[in-house]
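Undergrad: If you read the protein sequences in the order shown, they are chains A and B.
With UniProt numbering, the residue at position 177 of the first sequence is 177, and numbering never jumps.
With UniProt numbering, the residue at position 76 of the second sequence is 76, and numbering never jumps.
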Amino acid sequence: MPLVSTTLTWRDHLGTIGARSGYYRSNYKVIPGLYGIGRPGLDSPVLVTANYKLSFDALRQVLPGIDAWILVVDTRGINVWCAAGKKTFSTDEVAYQVKSTRLAEIVRHRELILPQLAAVGVAAGRLRKACGFNGIFGPIQAKDIPTYLHRNRQADEAMRTVTFNTGERAVLIPVEICLLWKPFLAATAVLFLLSGIGPEVYSLSAAGTRGIQALIASLLAVLAGAVLTPLLLPWIPSRQFWLKGALVGGLTAMTAMAALLPTTWTADLPAAIALVLWAASVASYLAMNFTGSTPYTSLSGVGLEMRRGLAFQLGGTTLALGLWIWSAFA
Amino acid sequence: MKDFRYIDGAAILRLDREACIGCGNCVTVCPHRIFRLEDNKAAVIDPDGCMECGACATNCPVAAIYVNPDDGCGCAALIINRWLSRITGKTVSGCNC
Numbered sequence: 001m002p003l004v005s006t007t008l009t010w011r012d013h014l015g016t017i018g019a020r021s022g023y024y025r026s027n028y029k030v031i032p033g034l035y036g037i038g039r040p041g042l043d044s045p046v047l048v049t050a051n052y053k054l055s056f057d058a059l060r061q062v063l064p065g066i067d068a069w070i071l072v073v074d075t076r077g078i079n080v081w082c083a084a085g086k087k088t089f090s091t092d093e094v095a096y097q098v099k100s101t102r103l104a105e106i107v108r109h110r111e112l113i114l115p116q117l118a119a120v121g122v123a124a125g126r127l128r129k130a131c132g133f134n135g136i137f138g139p140i141q142a143k144d145i146p147t148y149l150h151r152n153r154q155a156d157e158a159m160r161t162v163t164f165n166t167g168e169r170a171v172l173i174p175v176e177i178c179l180l181w182k183p184f185l186a187a188t189a190v191l192f193l194l195s196g197i198g199p200e201v202y203s204l205s206a207a208g209t210r211g212i213q214a215l216i217a218s219l220l221a222v223l224a225g226a227v228l229t230p231l232l233l234p235w236i237p238s239r240q241f242w243l244k245g246a247l248v249g250g251l252t253a254m255t256a257m258a259a260l261l262p263t264t265w266t267a268d269l270p271a272a273i274a275l276v277l278w279a280a281s282v283a284s285y286l287a288m289n290f291t292g293s294t295p296y297t298s299l300s301g302v303g304l305e306m307r308r309g310l311a312f313q314l315g316g317t318t319l320a321l322g323l324w325i326w327s328a329f330a
Numbered sequence: 001m002k003d004f005r006y007i008d009g010a011a012i013l014r015l016d017r018e019a020c021i022g023c024g025n026c027v028t029v030c031p032h033r034i035f036r037l038e039d040n041k042a043a044v045i046d047p048d049g050c051m052e053c054g055a056c057a058t059n060c061p062v063a064a065i066y067v068n069p070d071d072g073c074g075c076a077a078l079i080i081n082r083w084l085s086r087i088t089g090k091t092v093s094g095c096n097c
C-alpha cells in the first residue's frame, strides 16, 4: 500500500500552479486506489476523495498526526464537486474502488467518510448494499476533517455550508484568463483589420494606431470581466452576472481611457463610445461565463439571465464595431 | 453564503412532503442549508438559496425531491453549445470544467 506524506513538496506546489493556470488542469491526476497516511491500521478512518491531484493534495495536507486511509476514486481527474455533478463520482464508482482495493480485508470497520459535496453523485444510503460499507458525509472542506474526526464525526453548520470568499474567488482568475488566449487573438486580429478601414479605403497606419486603441479596450474588458468582477463580486450591483460585467466593463473602460487616451475621448467621441461599448459587451460575456465557476448560481437562473445577457452582448458588439468603422469617416 | 444571492424564483426544486419520511439526508447534504426538519418532515426554508446541485434528490431514499435535472456546471459556454446543438442537431462535447 503506498504511504503518502502530509507535506507538499516544491514539485506539488509547482503542479498546483500548473493546474491553476490551466496549463495541464485537465490532466492532473492521481492513480485511483487506496493510500495510507501516517501509520494506518485496522481501525483507521477511510476518507474518500476524487483523483484530481489538487483534491488529493488538499486532503493529505490537512492530516499531519492522523493515521488514515485515503480511498481515491476515478473521477477522470476532475474535482469532487464537478465530478459528482457529472456523475463520475458516483455510488457505483465508490463501490467499485472499495471492492477492487479489497478494503474489507484491510480495515475492520465498515465506514466510508465521503466529502459532503460528493452527495450530488453518491447516494450514501445505497453504498451498504453495493459494497458492504456505510457512507457518511463529512465536511465540505478538507481543512475541517481533523476537527470532524476529533468531534466523533460531527460537522457543524459552518462546515456544511459552502463559502466563496475573496481568496476562493481569486484562485479562479488565472484559469479564466488562460483559457481566453485563442478567442482573444482572433478578436484582436479582426479588430486590427477593421481599424484600417477609412476614408482612404484602407490605411495600414490607421490599422496600427486605431488597432492598438481597440486592443487596449479588449485588455480592459478582460481585466473587468475576468479579474475585477470575480474579485469584487459581492459588492457589484445586480444579481445577474451579465449586468455586473457590463457595469464593471463600461466603468473600467471609461476611467482607463480618460487616463490613457484622453485625446480620443475629447477629439473623437464616437470612437470613444465604440470602445467603451466594446469593453462593456466583452466584459459582460466574460462575467456571465463566470457563473460556471461560482458555487451558488443555479443552471435555471443562468439560462434566464443569458437570454438578456446575450441580447446585450450581441447588440453591444454590433453597435460598437459599426460605430468604430463609422468614426473613421466622421 | 447569505452574502451571495442569485436570481429569486429561478431554481427548480420541488419537495413532496407527503412522500417525505423525515430521514434528514437533504438537511445534511445541502451546501446552502435550505432544508430543515419540521414536524418530522423536511421543509424548504430558503427556496431561493437553491443552486440546483441535486445532492438532496440523489440522497432522498423515497424520491420525494425533484431538482432541475440538467446537469452541468452552468457556465455560459456550455449552455450556448447546448442551444446551438438544438439547432444543428449535433451532440455537445461539454465544456472544460
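Beta carbons: idealized from backbone N, C-alpha and C, even for Gly.
1. Is residue 72 of chain A closer than 7 Å to residue 94 of chain A when the C-beta atoms are compared?
2. Can you find the residues in the same chain that come closer than 7 Å, C-beta to C-beta, to residue 241 of chain A, ignoring five residues on each side of it along the sequence?
3. So within the segment 115–184 of chain A, which uninterrupted alpha helix (DSSP H) runs reach at least 4 residues, ignoring any that extend past its ends?
4. In whole angstroms, what is the alpha-carbon distance linking residue 315 of chain A and residue 247 of chain A?
5. Quick check: the segment 36–43 of chain A against the segment 9–18 of chain A, are there 3 or more CB pairs under 8 Å?
6. Could one say the Cβ of residue 165 of chain A lies closer than 7 Å to chain B's Cβ atoms, at least one of them?
7. From the beta carbon of residue 202 of chain A, is the nearest beta carbon of chain B less than 7 Å away?
8. Quick check on DSSP: helix, strand or coil for residue 42 of chain A?
9. Which residues, in chain order, does the segment 104–133 of chain A contribute to contact with chain B at a C-beta distance below 8 Å?
10. For residue 334 of chain A, report the span of its alpha helix (DSSP H) as first-last.
11. Answer with buried or exposed for residue 117 of chain B, where buried requires no fewer than 16 other C-beta atoms within 10 angstroms of its C-beta.
12. Contact check, residue 119 of chain A vs residue 59 of chain B under 8 Å by CB: the rounded distance?
13. Here's the rule: buried if 16 or more other CB atoms are within 10 angstroms of the residue's CB, otherwise exposed. What is residue 190 of chain A?
14. Chain A beta carbons: is any one of them nearer than 7 Å to that of residue 29 of chain B?
15. DSSP three-state label for residue 6 of chain A, please.
16. Quickly, what does DSSP pair residue 36 of chain A with across the bridge? List them, please.
17. Can you grab the Cα-Cα spacing for the pair residue 98 of chain A / residue 274 of chain A, in whole Å?
18. For residue 67 of chain B versus residue 21 of chain B, is the C-beta spacing smaller than 7 Å?
19. Just tell me which of A:243, A:101, A:160, A:268 has its CA closest to the CA of residue 31 of chain A.
20. Between which two residues does the beta strand (DSSP E) containing residue 38 of chain B stretch?
21. Express the C-alpha separation of residue 54 of chain B and residue 46 of chain A in angstroms, rounding to a whole number.
22. What does residue 239 of chain A touch in chain B if you count any residue whose Cβ is under 7 Å from its own?
23. May I ask you to check if the CB of residue 138 of chain A is nearer than 6 Å to at least one heavy atom of the ligand PLP?
24. By the three-class DSSP mapping on this structure, what secondary structure does residue 49 of chain A have?
25. Hey, could you find the ends of the alpha helix (DSSP H) residue 87 of chain A is sitting in?
26. By alpha-carbon positions, which one of A:257, A:207, A:232 ends up nearest to residue 219 of chain A?
27. Who are the neighbours of residue 139 of chain A on chain B, taking C-beta pairs under 8 Å?
28. Would you please verify whether the beta carbon of residue 159 of chain A is less than 7 Å from any beta carbon of chain B?
29. Using a Cβ-Cβ cut-off of less than 9 Å, give me the residues of the segment 289–308 of chain A that come near chain B, in sequence order.
30. Since residue 77 of chain A contacts residue 29 of chain A with CB under 8 Å, what's their CB separation in whole angstroms?
31. Closest Cβ-Cβ distance between residue 54 of chain B and chain A: below 7 Å?
32. For residue 11 of chain B and chain A, any beta-carbon pair shorter than 7 Å?
33. Straight-line CA distance for residue 222 of chain A to residue 141 of chain A?
34. Spell out whether any CB of chain B is found under 7 Å from the CB atom of residue 174 of chain A.
35. Give me, in chain order, the residues of the same chain whose beta-carbon lies closer than 6 Å to that of residue 83 of chain A; leave out the 5 immediate sequence neighbours on both sides.
36. Given a limit of 7 Å on CB to CB distance, which residues of the UniProt domain "4Fe-4S ferredoxin-type" (41–70) of chain B reach chain A?
TA: Let me spell this out:
1. With contacts defined as CB atoms closer than 7 Å, residue 94 of chain A and residue 72 of chain A fail to qualify as a contacting pair.
2. Within the same chain, and ignoring the five residues on either side of residue 241 of chain A in sequence, the residues whose Cβ sits closer than 7 Å to its Cβ are 287, 288, 290, 291, 305.
3. As far as the segment 115–184 of chain A is concerned, its whole alpha helix (DSSP H) runs of at least 4 residues are 124–131, 145–150, 166–170, 173–178.
4. Cα-Cα distance, rounded: 16 Å.
5. They do not touch, by the three-pair rule.
6. No, no contact with chain B.
7. Not closer than 7 Å to any Cβ of chain B, the Cβ of residue 202 of chain A fails to qualify, so no.
8. Note: residue 42 of chain A maps to coil in three-state DSSP.
9. Within the segment 104–133 of chain A, contact with chain B at the beta-carbon level (separation under 8 Å) is assigned to 116, 117, 119, 120, 121, 122, 123, 124, 125.
10. No statement about residue 334 of chain A is possible, as the shown extent of chain A runs from 1 to 330 and does not include it.
11. Past the edges of chain B, shown from 1 to 97, lies residue 117 of chain B, and the structure says nothing about it.
12. The beta-carbon distance between residue 119 of chain A and residue 59 of chain B, rounded to whole angstroms, is 5 Å. This is short enough to meet the 8 Å contact definition.
13. The Cβ neighbour count for residue 190 of chain A, taken over all protein chains shown within 10 Å, is under 16; the residue is labelled exposed.
14. With 7 Å as the cut-off, residue 29 of chain B counts as an interface residue toward chain A.
15. Three-state result, residue 6 of chain A: coil.
16. Note: residue 36 of chain A is bridge-paired with A:3, A:69 in the DSSP secondary-structure output.
17. Inter-residue distance for residue 98 of chain A and residue 274 of chain A is about 60 Å (C-alpha atoms, whole angstroms).
18. Taking 7 Å as the cut-off, the beta carbon of residue 67 of chain B is found no closer than this to the beta carbon of residue 21 of chain B.
19. Of the listed residues, the one whose Cα sits closest to residue 31 of chain A is A:101.
20. That run of the beta strand (DSSP E) goes 35–38.
21. In a straight line, the C-alpha of residue 46 of chain A is about 25 Å away from that of residue 54 of chain B.
22. 5, 6, 7, listed in chain order.
23. Among the components of this structure there are no ligands whatsoever, and the ligand PLP is therefore not found.
24. Residue 49 of chain A falls in the strand class under three-state DSSP.
25. Counted as a single uninterrupted DSSP element, the stretch harbouring residue 87 of chain A is not any alpha helix (DSSP H), since DSSP gives it neither H nor E.
26. Minimum Cα distance to residue 219 of chain A is reached at A:257.
27. Chain B residues near residue 139 of chain A: none, gap ~11 Å exceeds 8 Å.
28. With 7 Å as the cut-off, residue 159 of chain A does not count as an interface residue toward chain B.
29. Cβ contacts with chain B: 289, 290, 291, 292, 293, 294, 295, 296, 297, 298, 299, 300, 301, 302, 303, 304, 305, 306.
30. Contact flag correct, Cβ pair sits at about 4 Å.
31. True, the Cβ-Cβ gap to chain A drops below 7 Å.
32. Yes - at least one Cβ of chain A is within 7 Å of the one on residue 11 of chain B.
33. Their Cα atoms are separated by approximately 30 Å.
34. For residue 174 of chain A, the answer is no, since every Cβ of chain B falls outside 7 Å of its Cβ.
35. When the five nearest sequence neighbours on each side are left out, the beta carbons in the same chain lying within less than 6 Å of the beta carbon of residue 83 of chain A are those of 50, 75, 89, in order along the chain.
36. Within the UniProt domain "4Fe-4S ferredoxin-type" (41–70) of chain B, the residues whose Cβ lies closer than 7 Å to some Cβ of chain A are 50, 51, 52, 53, 54, 55, 58, 59, 61, 68, 70, listed in chain order.
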